[in-house]
Each structure stands twice: as C-alpha cells, then as structure tokens.
Amino acid sequence: MELLLLFGSFALCLLIGLPVAFCLGLSAVITLLAMDISPVIAFQRMISGINVFALMALPFFIYAGELMTRGGIADRLLRFASAAIGSVRGGLGLVNVSSSMLFGGISGSAVADVSALGSTLIPMMEKRGYDRDYAVNVTTSSATLGLLIPPSHNMIIYAIAAGGTVSIASLFVAGLLPGLVTGLCLMAVAYGIAVKRGYPAEAFPGWRLLFATFVVSLPGLMTAVIILAGVLTGVFTATESACIAVLWSLLVSVAVYRGLDWQGFMVASREAAKTTAMVLLVVGAAAAFGWVLAVLELPAQLAALLAGLQDHPIMLLLLVNLSLLALGAIMDMAPLIMITTPILLPVMEKIGMDPVQFGIMLILNLGIGLLTPPVGSVLFVGCAIAKTRLEDTVKSLWPFYLALLTALLLITFVPAISLALPNWLNP
Amino acid sequence: MKSLCERLSALALAISTLALIAITAIVGWQVWARYGLNASPSWSEAAALLLMLYTVLFGAAWGVRHDLHLGFHWFRQRLPARWQHHCEWLVAVAVLLFALLMMIYGAQMLQQTWRYSLAGLPLSMAWQYLPLVGSGALMALFAVEKLISTPDEH
Numbered sequence: 094m095e096l097l098l099l100f101g102s103f104a105l106c107l108l109i110g111l112p113v114a115f116c117l118g119l120s121a122v123i124t125l126l127a128m129d130i131s132p133v134i135a136f137q138r139m140i141s142g143i144n145v146f147a148l149m150a151l152p153f154f155i156y157a158g159e160l161m162t163r164g165g166i167a168d169r170l171l172r173f174a175s176a177a178i179g180s181v182r183g184g185l186g187l188v189n190v191s192s193s194m195l196f197g198g199i200s201g202s203a204v205a206d207v208s209a210l211g212s213t214l215i216p217m218m219e220k221r222g223y224d225r226d227y228a229v230n231v232t233t234s235s236a237t238l239g240l241l242i243p244p245s246h247n248m249i250i251y252a253i254a255a256g257g258t259v260s261i262a263s264l265f266v267a268g269l270l271p272g273l274v275t276g277l278c279l280m281a282v283a284y285g286i287a288v289k290r291g292y293p294a295e296a297f298p299g300w301r302l303l304f305a306t307f308v309v310s311l312p313g314l315m316t317a318v319i320i321l322a323g324v325l326t327g328v329f330t331a332t333e334s335a336c337i338a339v340l341w342s343l344l345v346s347v348a349v350y351r352g353l354d355w356q357g358f359m360v361a362s363r364e365a366a367k368t369t370a371m372v373l374l375v376v377g378a379a380a381a382f383g384w385v386l387a388v389l390e391l392p393a394q395l396a397a398l399l400a401g402l403q404d405h406p407i408m409l410l411l412l413v414n415l416s417l418l419a420l421g422a423i424m425d426m427a428p429l430i431m432i433t434t435p436i437l438l439p440v441m442e443k444i445g446m447d448p449v450q451f452g453i454m455l456i457l458n459l460g461i462g463l464l465t466p467p468v469g470s471v472l473f474v475g476c477a478i479a480k481t482r483l484e485d486t487v488k489s490l491w492p493f494y495l496a497l498l499t500a501l502l503l504i505t506f507v508p509a510i511s512l513a514l515p516n517w518l519n520p
Numbered sequence: 007m008k009s010l011c012e013r014l015s016a017l018a019l020a021i022s023t024l025a026l027i028a029i030t031a032i033v034g035w036q037v038w039a040r041y042g043l044n045a046s047p048s049w050s051e052a053a054a055l056l057l058m059l060y061t062v063l064f065g066a067a068w069g070v071r072h073d074l075h076l077g078f079h080w081f082r083q084r085l086p087a088r089w090q091h092h093c094e095w096l097v098a099v100a101v102l103l104f105a106l107l108m109m110i111y112g113a114q115m116l117q118q119t120w121r122y123s124l125a126g127l128p129l130s131m132a133w134q135y136l137p138l139v140g141s142g143a144l145m146a147l148f149a150v151e152k153l154i155s156t157p158d159e160h
C-alpha cells in the first residue's frame with residue numbers, strides 16, 4: 094500500500110512536469126507521513142546523501158570539463174583525430190567517434206561531448222558534403238562513449254549507490270575496454286553508411302603535422318592520465334585526483350592554450366556550479382527516496398521475486414536490460430543509477446555477475462537511454478546544435494542504435510571485456 | 007517583486023559558485039599540504055563537505071527560478087494548452103510545498119543541532135542545515151513569483 098503511494102505520487106508528480114528531484118523528495122515525504130514517521134528523516138537523508146567525500150569528485154569532473162571545453166582543448170583533440178584517421182572514406186564520421194573517445198576521457202559527460210564537439214563537427218561535416226542527419230547521429234551516439242571511458246562521473250554515482258563496496262579505481266579501469274568496443278561498433282556503422290552514401294575522404298596531412306597535432310593535444314590528454322594514475326597508484330583518492338584535474342585544466346587552459354580569461358573562468362565556474370547543483374540535488378533526493386524504499390523492503394521483495402529467474406540467467410539479464418532501457422527512455426541517468434542499483438545489484442550478484450561489470454552494463458544501458466525519446470537529453474542537445482528537427486534525425490538513427498545495442502549485449506554476456514583490465518592491474 | 011527575485015537568485019548562484027571555487031582550493035590545499043608540507047590538515051575535508059551543501063542547495067534554488075532542473079515534459083507538452091497551464095500551476099504549488107517543508111524541517115534540525123559542533127571544524131553543526139532553510143526560503147519565494155505571474159484564470 095505504502096509502496097503504491099510512493100510510486101503513485103512519484104509518477105503523478107513526474108507526469109505534470111515537476112522536476113525529478115522534487116518528485117523524489119515529495120513522494121518520499123508523503124509516504125513517510127502516511128507511515129507515521131516524521132519526514133524530518135527525509136531531509137536528514139538528503140543532506141547526508143550529498144555530504145559524501147567521494148561524491149565530491151563529481152563537481153570536480155564537471156568543473157574540469159567546463160574549463161577544458163571553454164579553454165580550447167576540444168578543438169585540439171579534434172585536429173589530432175582528424176589528422177590521424179581523416180583520410181579514410183567517410184573520415185569525418187570516424188574522426189567524430191574517435192574525438193568523442195579522446196574527449197570523453199576528459200569531460201566524462203555525454204552532454205558536454207555533444208555540445209563541445211558537435212558545435213564544431215556538425216557544421217564541418219555538412220560543409221564537406223555529409224548529410225545533416227548523419228552528422229547528428231554520429232555525434233550523439235558516440236557521445237555515450239564519454240560515459241564509459243574514464244573518468245566518468247556517473248561511475249562515481251554508481252560506486253556510491255552500490256554502498257561503497259565497489260572501488261572507483263576498478264570502475265575507471267573497467268570502463269576503458271568497453272568504451273573501445275562500443276567505439277569500434279559505432280565506427281563500423283559510421284564507415285558502412287559513409288561508403289553507401291559516398292561520403293568523401295580527407296587528405297592525409299603527413300606524419301609531421303600528425304605528430305604536431307598530437308603534441309599540442311598532449312597537455313589536455315594529460316588530464317585523464319593524471320586522474321587515472323592518481324587513483325590507480327593510490328597516491329590520491331578519486332576526489333583528490335579530480336581536484337588536481339581541475340587545477341591542471343585551469344593551468345592548461347590559461348597558460349598553455351590561452352583560451353580562458355578571467356571572465357571565461359567565472360562563466361565556467363558558474364556553469365559547473367549550476368550542473369553540480371542540479372545533479373547532486375537529484376542524488377540527495379534519491380537518497381531520501383531510497384531510504385523509504387529500503388524501509389518498505391522493496392529491494393528484498395524484488396530480489397525474492399526475481400530469484401525465480403535465477404536458473405535462467407540469460408533471461409534475467411535480458412529482462413533487466415530491457416527494463417533499464419525502458420526506464421532510461423523516460424528518466425535521466427543520475428536518479429536511475431541511484432534508485433536501480435540497490436535493487437538490482439544483489440540479484441545480479443546472485444547469478445554471479447561482478448558488481449564492476451554490472452556497473453559498466455548499467456551505465457552503457459542508461460547512456461543509450463539518453464538517445465531515446467521522450468527523454469533523450471543528448472539527442473535534444475545534438476538536434477539543437479544542428480538546428481534540425483528530432484523527427485528528421487531519428488529516422489536514420491537506428492543503425493547507430495543497433496551498434497550500441499550490440500555493444501551492450503557484448504558487455505552483458507562477455508564479462509572479460511569489463512573485467513580483464515581491472516583483474517590484470519588489480520587496483 | 008521581479009527585480010528582488012532577480013537579485014536574490016543572482017545572490018544564490020554567487021554563493022553556489024564561490025563555494026565551488028573554495029572547495030577546489032581547499033581540497034587542492036589538502037593534497038599540497040600532505041605531500042608538500044607533510045602535514046595533513048584536519049579541517050579541510052569537513053570544510054569542503056560543508057561547502058558542498060552550499061553549492062548544491064543554493065545552486066538548486068537558482069535552478070528553480072530558471073527552470074533548469076531535470077524533468078519530464080514530454081507528457082505535459084502533449085496536453086491541451088489549458089491543461090498545460092494547470093500543470094504548470096500545480097508544479098509551482100508542489101515546489102512551494104516542498105520548499106516550505108525544507109524550511110520547516112531544516113529549521114527543526116538547526117534547532118536540535120546548534121549546540122553540537124561539526125567533527126573537525128570549530129563550527130556548530132547547525133551550519134550544515136542552514137542552507138536547507140536558506141535554499142528552502144528562496145525556492146518558496148521563486149515558486150510564489152511563478153504563481154503570481156501565471157495568468158489569473160486559476
């Protein structure tokens with residue numbers, strides 16, 4: 094009964110367009126009142142849900158991403174990728190995917206990827222004769238790579254939702270290969286369509302220029318290296334490495350690339366503060382919501398329900414993936430990670446799935462949701478940048494969608510893709 | 007009313023931004039102190055955590071006025087215009103309700119904890135709950151502003 098009230102009030106609030114954070118908080122408060130528990134606990138949970146040192150890595154990643162985006166790193170990476178593989182047929186499509194892989198390693202956010210790379214790449218591709226729908230589809234689908242390739246702030250949210258049993262270092266390392274696999278799937282599709290539609294190839298600029306573009310983008314790429322090395326060696330915590338990444342990107346943007354003045358710095362800081370507030374308010378509200386869920390013993394009940402499927406792990410995995418895809422289509426990533434992890438993780442562990450692999454699967458799955466209407470923030474940003482209608486691009490999105498689903502299946506059923514690297518490095 | 011809200015929301019964003027910059031400086035100092043000075047400060051982590059609440063809650067208040075919070079608008083946009091107005095009005099009421107609850111229960115916790123001090127900082131624990139009250143008050147004000155400015159068919 095209380096469960097019905099919790100989800101019913103949540104759904105109702107969501108449908109009338111109340112922001113997700115308020116839906117979560119309000120439905121938690123209403124349910125607590127019905128259960129005769131003082132709602133003060135909901136606000137305590139909200140505060141303690143935000144007040145987590147590991148969670149602080151998230152604002153730092155967002156901040157570093159803002160500084161890098163405004164400081165000119167995206168353009169340098171683009172030039173490097175373009176020099177490296179632009180000379181293949183449909184080269185700019187492949188350049189798009191590979192820049193997302195490089196930039197994803199720095200920004201860690203799919204929306205940042207689309208806005209930073211898309212605003213340069215989409216017009217550039219159109220000028221070279223690519224169709225607009227293709228340009229948008231390559232840009233938006235490859236933006237999901239930023240979620241997998243470390244550092245990814247969604248992995249921090251997952252690590253916290255999993256209750257601190259999963260190390261952030263393992264998750265970061267684990268994301269590398271799946272990011273690569275997904276990138277290759279997307280490149281195959283991008284190449285196939287480019288050949289079919291007869292898109293041009295760029296001229297190879299020569300080895301000297303290739304090397305030069307690499308050297309120029311090196312300081313930007315160092316951001317990811319600093320974070321990974323710091324976390325892996327255990328010299329810094331994830332939060333501290335993320336903070337150093339902010340200071341480093343500030344240094345690179347101001348002193349090396351000279352793309353950031355005082356005003357730019359303040360704009361980047363403000364934007365980072367806004368994004369941080371929006372994401373972490375949801376995380377805090379989801380902590381309150383999750384507490385009510387735990388009091389109502391939903392995770393245990395659902396686990397018991399799904400236990401019947403334990404003998405059919407393949408069915409169970411497909412079922413979980415399908416429900417996550419459906420949820421991802423209507424809700425944003427952060428609240429879904431917070432809500433679904435405590436419910437699904439115990440079940441997945443029972444059928445022998447490693448929590449690290451589940452995290453990677455969850456994040457790619459919900460990342461695909463960012464491309465799925467009705468709520469597909471990455472798709473919306475991509476269309477807004479290209480000034481095109483959603484309906485026109487979605488029609489030709491399906492091959493890319495298929496590539497992402499293929500990658501999702503590979504990651505779901507081949508544990509080694511996610512686990513080989515962390516097991517080898519044993520962080 | 008409008009210019010007051012404008013100024014207050016700018017203030018909220020300024021608090022949020024300054025807190026974020028301060029957090030970065032504090033954690034950066036913590037790392038430097040540990041490796042450069044060989045002395046880990048005992049206060050840095052607690053201070054950064056406290057400031058994070060200011061970044062999030064005051065930034066969130068700004069977000070209420072500027073409609074930046076993540077939400078699901080697909081369904082609402084498919085309703086007839088009249089119903090859309092009703093929904094917008096309901097959303098503002100719901101935000102107002104939640105903001106008032108934030109204030110009330112935030113104030114309650116503020117009262118209960120002001121005698122205790124935060125671990126690692128010479129500050130009262132009440133500082134932790136103050137942004138809940140402050141942000142709640144701002145959100146409530148911005149929700150009222152929305153309610154007033156919608157056409158008076160309600």
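Those protein sequence lines, which keep their order, are chains A and B. Residues in the first sequence are numbered consecutively from 94, following my numbering. Residues in the second sequence are numbered consecutively from 7, following my numbering. In this text, a Cβ means the ideal position worked out from N, Cα and C, and glycines have one as well. A quick note: this is a predicted structure, and the numbers were derived from the prediction, not measured.
Residue i, DSSP secondary structure in three states
i, result
"residue 182/A", "strand"
"residue 294/A", "strand"
"residue 22/B", "helix"
"residue 208/A", "helix"
"residue 123/B", "strand"
"residue 342/A", "helix"
"residue 15/B", "helix"
"residue 102/A", "helix"
"residue 155/B", "helix"
"residue 160/B", "With a pLDDT of only 42 at residue 160/B, under the threshold of 50, the placement of this residue in the model should not be trusted; the figure read from the coordinates follows. Three-state result, residue 160/B: coil."
"residue 310/A", "helix"
"residue 130/B", "strand"
"residue 197/A", "helix"
"residue 58/B", "helix"
"residue 43/B", "coil"
"residue 485/A", "helix"
"residue 159/A", "helix"
"residue 75/B", "coil"
Contact list for residue i against chain B, beta-carbon separation under 9 Å
i, result
"residue 231/A", "Chain B residues near residue 231/A: none, gap ~25 Å exceeds 9 Å."
Straight-line gap, residue i to residue j (C-alpha atoms, nearest Å)
i, j, result
"residue 464/A", "residue 240/A", "13 Å"
"residue 136/A", "residue 282/A", "48 Å"
"residue 157/A", "residue 254/A", "23 Å"
"residue 44/A", "residue 358/A", "Coverage of chain A is limited to positions 94 through 520, which leaves residue 44/A absent and any answer about it impossible."
"residue 515/A", "residue 30/B", "29 Å"
"residue 429/A", "residue 420/A", "8 Å"
"residue 158/B", "residue 95/B", "The predicted model places residue 158/B with a pLDDT of 49, which falls under 50 and marks its position as unreliable; any figure quoted below should be read in that light. Residue 158/B and residue 95/B: Cα-Cα distance of roughly 10 Å."
"residue 371/A", "residue 245/A", "17 Å"
"residue 109/A", "residue 100/A", "14 Å"
"residue 56/B", "residue 412/A", "41 Å"
"residue 319/A", "residue 28/B", "22 Å"
"residue 145/A", "residue 510/A", "30 Å"
"residue 160/B", "residue 153/B", "Since pLDDT at residue 160/B reaches only 42, below the 50 mark, its modelled position is unreliable, and no value is offered."
"residue 220/A", "residue 297/A", "18 Å"
Best match in the options for proximity to residue i [C-alpha to C-alpha]
i, options, result
"residue 82/B", "75/B, 92/B, 142/B", "92/B"
"residue 147/A", "340/A, 257/A, 182/A", "257/A"
"residue 309/A", "479/A, 168/A, 109/A", "168/A"
"residue 139/B", "128/B, 153/B, 104/B", "104/B"
"residue 441/A", "108/A, 422/A, 104/A, 409/A", "409/A"
"residue 448/A", "276/A, 259/A, 487/A", "259/A"
"residue 127/B", "116/B, 100/B, 54/B", "54/B"
"residue 238/A", "439/A, 461/A, 400/A", "461/A"
"residue 293/A", "205/A, 284/A, 336/A", "284/A"
"residue 323/A", "395/A, 263/A, 236/A, 480/A", "263/A"
"residue 66/B", "381/A, 469/A, 363/A", "363/A"
"residue 226/A", "502/A, 491/A, 495/A, 499/A", "491/A"
Contacts of residue i in chain B (Cβ-Cβ under 7 Å)
i, result
"residue 425/A", "76"
"residue 363/A", "19, 23"
Chain-ordered chain A contacts of residue i [CB-CB under 7 Å]
i, result
"residue 112/B", "136"
"residue 27/B", "362"
"residue 54/B", "149"
Neighbour list for residue i in chain A, Cβ cutoff strictly below 8 Å
i, result
"residue 30/B", "153, 156, 336, 339, 340"
Listed by chain order, chain A residues near residue i by CB distance under 9 Å
i, result
"residue 11/B", "Correct list: empty, because the minimum Cβ distance to chain A is about 17 Å."
"residue 106/B", "Per Cβ cutoff of 9 Å: no residues; residue 106/B is ~11 Å from chain A at best."
"residue 134/B", "140, 144"
Please confirm if the stretch 398-405 of chain A is in contact with the stretch 159-173 of chain A, defined as three or more CB-CB distances below 8 Å between the two stretches. no
Would the stretch 7-21 of chain B count as touching the stretch 140-148 of chain B if we require 3 or more Cβ pairs under 8 Å? yes
Flag this pair as touching only if the stretch 380-400 of chain A and the stretch 176-193 of chain A have three or more C-beta atom pairs under 8 Å; answer yes or no. no
Please determine if the stretch 475-495 of chain A and the stretch 443-457 of chain A are in contact, where contact requires at least 3 C-beta pairs separated by less than 8 Å. no
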